[in-house]
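Colleague: Below are the structure tokens for one structure; questions will follow.
Numbering (our numbering), first residue to last: 38 to 338.
Structure (structure tokens):
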């Protein structure tokens, strides 16, 4: 009996650990890769000191993102139980209690902030601004039409800015503009997926969805898509004085956007950008090829 109970206890501990890992949502950390944008475009990828600092900045964003996800899951636990996928989250499913989640938050948040200040003060302030933006989003902004998506976009911008500040390099305004537009595209795509998946129950899960309609979101997506392609194209035209090879990366951007639209319109997915990228092989290959091509063009004179 003791062996059986010991096995059951060990299994319970393993399940609890898995619950904490899922609570931190490591799959969504892929969004923190935007921190590396400044490193790549400032041509310091192969500089060990610069790369190490940005890698540590990436880890800081992963920890602070986990804190944000914990808070969101605690606040939205009841609503998540009404969602076909979100009901499986640790708190909504009962795997982790709200008290356990808050204790985890109380440990992780100070570690993330302290580590960030040890890395760079300016970067730490951006990290805190990112955290404050997400808290404000959870409390108020997520109930404000259009501003809710713009708040999500601000989070992506802060990642790029943080990555630039930690290594003290200049970041092109074109990169910031492209990041803003791309993140708006992902944000509106997420809202569209929620409307399609939840259908008549959309309002009960997220009140802000009653302010959106498929027609309205499709119009926003059309505008943002066109602006994203134009902004990126203009960036490639002006990236170097006499080096226009970055124009060769435009087809990757076009395919990536078109492929993502195919996913949200034909496959009825796109509610989670990170899961969409990781689960769609053509899209993932396209992103990798874009990154490799960009690095070759930028670093090989």
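Idealized CB from N, CA, C, for every residue including glycine.
1) Which class does residue 231 belong to by DSSP, given the choice of helix, strand or coil?
2) Considering only residues of the same chain and omitting the five flanking positions on each side of residue 67, which have a CB-CB separation below 8 Å?
3) Tell me whether the beta-carbon of residue 167 lies closer than 8 Å to the beta-carbon of residue 146.
4) Since residue 82 contacts residue 332 with CB under 8 Å, what's their CB separation in whole angstroms?
5) Got a sec, what are the start and stop residues for the alpha helix (DSSP H) residue 144 sits in?
6) Considering only C-alpha positions, which residue in the set 275, 253, 251 and 291 is nearest to residue 264?
7) Measure the beta-carbon distance from residue 335 to residue 80 and round it to whole angstroms, keeping in mind my assumption that it falls under 8 Å.
8) Quick one: what's got a C-beta closer than 7 Å to residue 210's C-beta in the same chain, skipping five residues either side?
9) Give the DSSP-derived three-state secondary structure of residue 129 in the structure shown.
10) Alpha carbon to alpha carbon, what distance is there between residue 163 and residue 272?
11) Buried or exposed for residue 180, going by 16 or more other Cβ atoms inside 10 Å?
12) Excluding the 5 residues preceding and the 5 following residue 358 in the sequence, name in chain order all residues of the same chain whose CB lies nearer than 7 Å to its CB.
13) For residue 288, does the count of other Cβ atoms within 10 angstroms reach 16, so buried, or fall short, so exposed?
14) Ignoring anything shorter than 4 residues or poking outside the segment 163 to 202, list the alpha helix (DSSP H) runs there in chain order.
15) Starting from residue 250, trace the alpha helix (DSSP H) in both directions and tell me its first and last residue.
16) For the segment 189 to 207 and the segment 251 to 262, state whether three or more C-beta atom pairs, one from each stretch, are separated by less than 8 Å.
Modeller: To lay it out plainly:
1) The residue given as residue 231 occupies position 194 in the chain shown. In the three-state DSSP reduction, residue 231 falls in the helix class (H, G or I).
2) If you number the chain shown from 1, residue 67 lands on position 30. Excluding sequence neighbours, residue 67 sits near 311, 314 and 315.
3) Taking the first residue of the chain shown as 1, we reach residue 167 at position 130. Taking the first residue of the chain shown as 1, we reach residue 146 at position 109. Result no, Cβ atoms of residue 167 and residue 146 do not sit closer than 8 Å.
4) As a working note, residue 82 is residue 45 in the chain shown. As a working note, residue 332 is residue 295 in the chain shown. Yes, they are in contact, since the Cβ atoms of residue 82 and residue 332 sit about 6 Å apart, within 8 Å.
5) For the purposes of this step, residue 144 is identified with residue 107 of the chain shown, where counting begins at 1. Run containing residue 144: 135 to 156, per the alpha helix (DSSP H) assignment.
6) On the chain shown, position 227 is the one that residue 264 refers to. Of 275, 253, 251 and 291, the residue nearest in Cα terms is 291.
7) Position 298 of the chain shown, counted from the first residue, corresponds to residue 335. Position 43 of the chain shown, counted from the first residue, corresponds to residue 80. Rounded to the nearest angstrom, the Cβ distance from residue 335 to residue 80 is 6 Å, consistent with a contact under 8 Å.
8) Counting from 1 along the chain shown, the entry for residue 210 is found at position 173. So no residue of the chain qualifies.
9) Locating residue 129 in the chain shown gives position 92, counting from the first residue. Annotated three-state conformation of residue 129 is helix, per DSSP.
10) Position 235 of the chain shown, counted from the first residue, corresponds to residue 272. Position 126 of the chain shown, counted from the first residue, corresponds to residue 163. Taking the straight line joining both Cα atoms gives about 25 Å.
11) As a position in the chain shown, residue 180 is number 143, starting the count at 1. With fewer than 16 other Cβ atoms within 10 Å, it is exposed.
12) The requested residue 358 is not part of the displayed model; the chain covers only 38 to 338.
13) Walking along the chain shown from the start, residue 288 turns up at place 251. It counts as exposed.
14) Listed in chain order, they are 184 to 202.
15) One-based indexing of the chain shown puts residue 250 at position 213. Counting along the chain, residue 250 sits inside no alpha helix (DSSP H), nor does DSSP assign it H or E at all.
16) Not touching, per the Cβ criterion.
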